[in-house]
Every structure is written in C-alpha cells, then in structure tokens.
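Each residue of the sequence shown is one higher than the one before, counting from 3 in the working numbering. Just so you know, even glycine gets a beta-carbon here, dropped at the ideal spot from N, CA and C.
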Amino acid sequence: PHCKLIFSANAPPRTPDASDAFFQRWIVVPFERTFRGEAAEVSSRELDALLQDPHELSGMLNRALAALPGVRTDGVSEPLSCLAAREMFRAVTDPVSVWLDQHVLSTPGAYVTKAHLLEEYNASAIRGGRPTMTANAFSRTLRRHRPNLQSGQRQGAGRVVWVWLDMTLRSHALAADPTADRDREW
C-alpha cells in the first residue's frame, strides 16, 4: 500500500522538521492565477459537472496512462516555478536554515562568538520582518540544523567568551580574504 498526502493552503504550515529530507518530499505547486470575476468564469457547480463528465474522465485517464512510462523511468519532473515555490516555502517555514545557508561558512579552525552570531541573525530577522530569537531558542535551532556543531570557550578582549567552533560568518571570511570561495557551503 502507498499513500500520498495532498494539502491546499493559503499559508504554509509551520514545522519543527527543518531537514533537507523533509523539504525534498514536498512538491509545491504555486497557483498564481485567479479566475473569479472574469467574463469567462465557470461556476463551481458547472466545473464539477464538467470534470465528472465520462468523456473528460476518460481523457484525463488517457493522458495519465500516456505519461506513466516516462514517470516510471524518469520520475516526476518539477518545473522551475515549483522549485522556486518550494524554496519560498522553506524560507517561510524555516528562516533559520535559509539564513545559515546564506550567511555561515564551515571553516575548520575558525570560530564565531555565540552572541555575535545571534546578533547577526536577529538583525537579519528584523530587516526581513521576522521575529527575533532568544539565545536559548537560537542555540537549540542551530544544533538541530547542525547536529555535529561544537561549542567552546575562547579568550578575547580580556575575558572568556562562548563560541561556535569551525564556523564563521560569510561576510567575515570575505572581508579577511576577498578571494575566498564564495560558494562554499556546509
């Protein structure tokens, strides 16, 4: 037995799962056109009747059967509009993951203070109109996204500070080395 869930929503659902596997399971189909209020609008009742007509059902089945061999060999292809909609879904559903991908680099031997990373994220959240996070909430979320992430302490400016190890902000890496690989990701 096999089952697929289909959802229709005006706003994406919130989820605690921010894994790539979760988002790769979604096929997000954007519906950008509306037909209400147009001269050629077909009422819901008429549309239901048209779609239930045996000739229409037969035509849909024939098209599905014709496409089946390609789907079996190549899988279901996603148009660019669906891929863009899925990325938008991810950005709305999990802004921390998107922010990390865009602003943080895995850099062995480097570190960033926990306070500075949180300040940078919260500043970006404010600019983007998203809620800010507390230090504890951000740390939990960060560890969910980067389960192997290690923290430690470093001496700086005459005091000991907590840091995230082997990571740096992309802006700091580029400022230190303008020739740094701009596409290096986690």
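For chain C, check one thing: does any of its Cβ atoms lie closer than 9 angstroms to the Cβ of residue i?
i, result
"Arg47", "No chain C appears in this structure, which consists of one protein chain only."
Whole angstroms are fine: how far does the CA of residue j sit from the CA of residue i?
i, j, result
"Val30", "Ser141", "29 angstroms"
"Asn64", "Pro56", "12 angstroms"
"Arg92", "Ser79", "19 angstroms"
"Ser21", "Arg129", "25 angstroms"
"Thr143", "Gly77", "33 angstroms"
"Leu59", "Arg35", "24 angstroms"
"Gly131", "Asn124", "10 angstroms"
"Ala69", "Arg27", "21 angstroms"
"Glu40", "Leu53", "20 angstroms"
"Arg148", "Lys6", "29 angstroms"
"Thr134", "Ala127", "6 angstroms"
"Glu122", "Thr115", "11 angstroms"
"His4", "Gly111", "47 angstroms"
"Thr95", "Leu85", "15 angstroms"
"Asp66", "Met90", "As written in the sequence, residue 66 is Ala, which differs from the Asp given in the question. If I take the Cα positions, the gap works out to 29 angstroms."
So, with DSSP's three-state summary, where would you put residue i?
i, result
"Leu151", "coil"
"Ser46", "helix"
"Ala41", "coil"
"Leu52", "helix"
"Arg156", "strand"
"Glu141", "Looking at the sequence shown, residue 141 is not Glu but Ser. Looking at Ser141 - three-state DSSP - the assignment turns out to be helix."
"Met169", "strand"
"Val114", "strand"
"Trp188", "Annotation note: pLDDT 30 at Trp188 (below 50); position unreliable, no value reported."
Given a threshold of 16 other Cβ atoms within 10 Å of its Cβ, counted over all protein chains shown, does residue i qualify as buried or as exposed?
i, result
"Asp19", "exposed"
"Asp183", "Note that Asp183 has pLDDT 40, beneath the 50 cutoff, so the model's placement of it is unreliable and the number below is only indicative. Exposed: under 16 other Cβ atoms inside 10 Å."
"Ala87", "buried"
"Ser173", "exposed"
"Pro50", "In the sequence as presented, Pro is not what sits at residue 50; that position holds Asp. Counting Cβ neighbours within 10 Å, Asp50 comes out exposed, since fewer than 16 surround it."
"Ser99", "buried"
"Leu102", "buried"
"Pro97", "buried"
"Pro180", "A caution first: Pro180 carries a pLDDT of 44, below 50, which makes its placement in the model unreliable, though a value can still be read off. Looking at its Cβ environment, which holds fewer than 16 other Cβ atoms inside 10 Å, Pro180 is exposed."
Return the chain-ordered list of same chain residues with a C-beta closer than 8 angstroms to the C-beta of residue i, the five sequence neighbours on each side being excluded.
i, result
"Gly154", "Tyr113, Trp164, Val165 and Leu167"
Contact defined as beta carbons within less than 8 angstroms: I believe residue i pairs with residue j. What is the distance between those atoms, to the nearest angstrom?
i, j, result
"His105", "Leu171", "6 angstroms"
"Ser83", "Pro14", "With a Cβ gap of about 16 angstroms, Ser83 and Pro14 do not count as contacting."
"Thr17", "Phe24", "7 angstroms"
"Met169", "Thr109", "6 angstroms"
Short of 6 angstroms in beta carbon distance, which residues of its chain neighbour residue i, apart from the five on each side in sequence? Order them along the chain.
i, result
"Val162", "Gln155"
"Leu120", "Ala137 and Phe140"
Can you list, in chain order, the residues of its chain whose CB lies under 7 angstroms from that of residue i, leaving out five sequence neighbours each side?
i, result
"Arg145", "Leu151"
Does at least one heavy atom of the ligand FMN sit under 8 angstroms from the Cβ of residue i?
i, result
"Gly111", "In terms of ligand content, the structure shown is empty, and the ligand FMN therefore cannot be addressed."
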